[in-house]
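In my numbering, the protein residues as written are 501 to 613.
Below you can see the structure in the form of structure tokens.
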């Protein structure tokens, strides 16, 4: 009974709640370190793309963001796969930045192309 009362009062944390608290603390630390600069750079890059209105805004945004990385951003692959229902082809442009892989553009080519 004393153990149950202690657990009910939250005196003992489960491993899950400890992991969640640690994750929240790590996230708060990361945000404190990077949030302001990330927001400023991302907003500045988006504004430049909107002002210049390039033919491919995703490519322009990728180029502008790459100026703020240590290793830059590079093209990794172009993926295609057919859509059986519509006959169209879905495509995805994949890039890599600092070891992280991200899809920078996703689109669909019509079947009659």
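Backbone N, C-alpha and C fix where the C-beta goes; we use that ideal spot for every residue, glycine too.
Just so we're clear, the structure is a prediction, and the values are computed from it rather than from any experiment.
The C-beta separation of residue 609 from residue 588 comes to about 6 Å, placing the pair in contact by the 8 Å criterion. In this structure, the alpha-carbon of residue 532 lies about 10 Å from that of residue 525. With fewer than three CB-CB distances shorter than 8 Å, the segment 571-579 does not count as touching the segment 541-548.
Measuring C-alpha to C-alpha distances from residue 590 to each of 577, 578 and 607 identifies 607 as the nearest.
Ranked by Cα distance from residue 537, the options 522, 565 and 557 are led by 565. In terms of Cα proximity to residue 584, the closest of 556, 535, 611 and 549 is 611. Around the beta carbon of residue 555, fewer than 16 other beta carbons sit within 10 angstroms, so the residue counts as exposed. Under DSSP, residue 590 forms a beta bridge with 581 and 608. In the structure shown, the three-state DSSP call for residue 565 is helix.
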